[in-house]
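> When we follow UniProt numbering, the leftmost residue of the sequence shown carries the number 1, and every step to the right adds one.
We put the CB at the ideal spot given by N, CA and C, even for glycine.
Please see the structure below; I have some questions.
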Amino acid sequence: MRAVVVRGYGEPEVLRVVEVEIPEPGWGQVRIQVAAATVNPVDLVTRSGVLVEAGLMAPRESTGIGWDVAGAIEKLGPGVDGFTVGQQVIGLRDLLDSALGTYAEYVVLDATSVAAAPTGVSAVEAATLPLNGLTAAQALDLLELSEGDTLLVTGATGAVGGFAVEIAAQRGIRVLAQGSDAEFLRSVGAEWVLERDADLSAEARRRVPGGVDAALDTAGLSNRALAAIRNRGRFVTVVGGAVPVPLRGITVHQEWIHADGRALARLAEQKLTFRVAETLPLEAAAEAHTRLAAGGLSGRLVLTL
Numbered sequence: 001m002r003a004v005v006v007r008g009y010g011e012p013e014v015l016r017v018v019e020v021e022i023p024e025p026g027w028g029q030v031r032i033q034v035a036a037a038t039v040n041p042v043d044l045v046t047r048s049g050v051l052v053e054a055g056l057m058a059p060r061e062s063t064g065i066g067w068d069v070a071g072a073i074e075k076l077g078p079g080v081d082g083f084t085v086g087q088q089v090i091g092l093r094d095l096l097d098s099a100l101g102t103y104a105e106y107v108v109l110d111a112t113s114v115a116a117a118p119t120g121v122s123a124v125e126a127a128t129l130p131l132n133g134l135t136a137a138q139a140l141d142l143l144e145l146s147e148g149d150t151l152l153v154t155g156a157t158g159a160v161g162g163f164a165v166e167i168a169a170q171r172g173i174r175v176l177a178q179g180s181d182a183e184f185l186r187s188v189g190a191e192w193v194l195e196r197d198a199d200l201s202a203e204a205r206r207r208v209p210g211g212v213d214a215a216l217d218t219a220g221l222s223n224r225a226l227a228a229i230r231n232r233g234r235f236v237t238v239v240g241g242a243v244p245v246p247l248r249g250i251t252v253h254q255e256w257i258h259a260d261g262r263a264l265a266r267l268a269e270q271k272l273t274f275r276v277a278e279t280l281p282l283e284a285a286a287e288a289h290t291r292l293a294a295g296g297l298s299g300r301l302v303l304t305l
């Protein structure tokens with residue numbers, strides 16, 4: 001089968017399309033024939049070697065790449081219940097260091113990392129949900145907010161931020177969203193919208209006297225977001241290395257995404273907004289990385305097979 005791997009680390013040109021053996025599912029695993037795989041920021045830092053330099057990955061001669069997948073189950077491993085061959089599914093590969101990722105014609109995942117695909121949307125759209133949607137949902141879970149609580153979401157027009165606003169609003173949380181597309185943010189449930197360069201503390205407190213109950217930082221704004229939170233509030237970041245020093249009794253968390261098929265199934269049943277900037281063929285993975293790094297996209301780039 002064809003797969004994209006990282007050969008050495010550096011610029012997008014280190015991404016190579018290679019021929020490899022089709023992987024076999026082991027106990028509790030499924031093999032998915034890939035229809036679409038999303039290109040995410042974590043793929044860029046995997047390819048560039050940033051994760052190796054940070055000690056989060058061991059250097060390899062050839063490294064798999066890609067976390068999100070949408071496609072059809074092609075083979076069930078022993079011990080798998082609840083799925084059928086031919087079923088349309090989505091899944092998440094949450095391993096930084098492996099020989100193959102989801103940029104491939106086939107991928108093997110633990111069945112516990114897979115869920116039935118959302119109905120009424122394309123495989124391309126569905127492929128944008130696992131990493132970004134689960135990151136948003138798991139970060140919100142860490143904040144333990146109740147209906148009527150107030151939440152600041154930074155970087156809200158990004159893939160994770162957009163899902164965070166929408167999921168939080170559906171939970172009855174009042175959302176103050178910081179981002180550049182006010183129309184989109186209001187359409188997914190934001191009660192208030194702040195410009196990207198706003199003074200977060202001043203503007204948040206003008207709308208919510210005393211400060212918001214919590215902040216979910218997807219933009220690495222760290223202390224700026226912390227300043228908008230009330231005393232003894234809560235803060236979570238999804239950006240590595242962007243954890244502020246706790247002040248004023250505020251609880252601080254770093255969220256690390258983990259695959260969870262049950263949580264993914266719940267997300268797939270929700271009415272969510274899927275944003276795709278463009279689709280490219282598997283062979284254009286390097287171009288997709290260049291495009292994502294340049295910024296300015298509205299939605300994710302998705303590789304199709």
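Rounded to whole angstroms, what is the Cα-Cα separation between E30 and P244?
The question names Glu, yet the displayed sequence has Val at residue 30. Distance between the alpha carbons of V30 and P244: 40 angstroms.
> Buried or exposed: S187, going by 16 or more other Cβ atoms within 10 Å of its Cβ?
exposed
> I think L280 touches A37, with their Cβ atoms under 8 angstroms apart; what is that distance to the nearest whole Å?
Wrong, their Cβ atoms sit about 10 angstroms apart, outside the cutoff.
> Go through the region 37-77 residue by residue and report every complete run of the alpha helix (DSSP H) that reaches 4 residues or more, in order.
List check, alpha helix (DSSP H) in window: 41-48 and 50-53.
> Determine contact between the region 92-105 and the region 61-70, defined as no fewer than three beta-carbon pairs at a distance below 8 angstroms.
yes
> I need the straight-line Cα distance from R262 to E61, nearest angstrom please.
Distance between the alpha carbons of R262 and E61: 34 angstroms.
> Please confirm whether V69 and V34 have their CB atoms less than 7 angstroms apart.
Using a Cβ distance threshold of 7 angstroms, V69 and V34 count as a contacting pair.
> At which residues does the alpha helix (DSSP H) containing D141 begin and terminate?
P130 to L143
> Is it buried or exposed, S113, if we count other Cβ atoms within 10 angstroms and call 16 or more buried?
With 16 or more other Cβ atoms inside 10 Å of its own Cβ, S113 counts as buried.
> Could you tell me which uninterrupted alpha helix (DSSP H) segments, each at least 4 residues in length, are contained entirely in the region 107-132, listed from first to last along the chain?
123-126
> Where do the ends of the alpha helix (DSSP H) carrying R262 lie?
G261 to E269
> Given a cut-off of 7 angstroms on the beta-carbon distance, is the pair G189 and E166 in contact?
Yes, the Cβ-Cβ distance between G189 and E166 is below 7 angstroms.
> Measuring CB to CB, does P118 end up less than 7 angstroms from L92?
no
> Cα separation between G120 and V276?
15 angstroms
> Taking only runs of the alpha helix (DSSP H) that begin and end inside the region 200-274, which ones reach a length of at least 4 residues, in chain order?
200-207, 223-226 and 261-269
> Hey, could you find the ends of the beta strand (DSSP E) R291 is sitting in?
No beta strand (DSSP E) contains R291, which is instead part of the alpha helix (DSSP H) from A285 to A294.
> Just mark N231 as buried or exposed, buried being the case when its beta carbon has 16 or more other beta carbons within 10 Å.
Within a 10 Å sphere around the beta-carbon of N231 sit fewer than 16 other beta-carbons, which makes this residue exposed.
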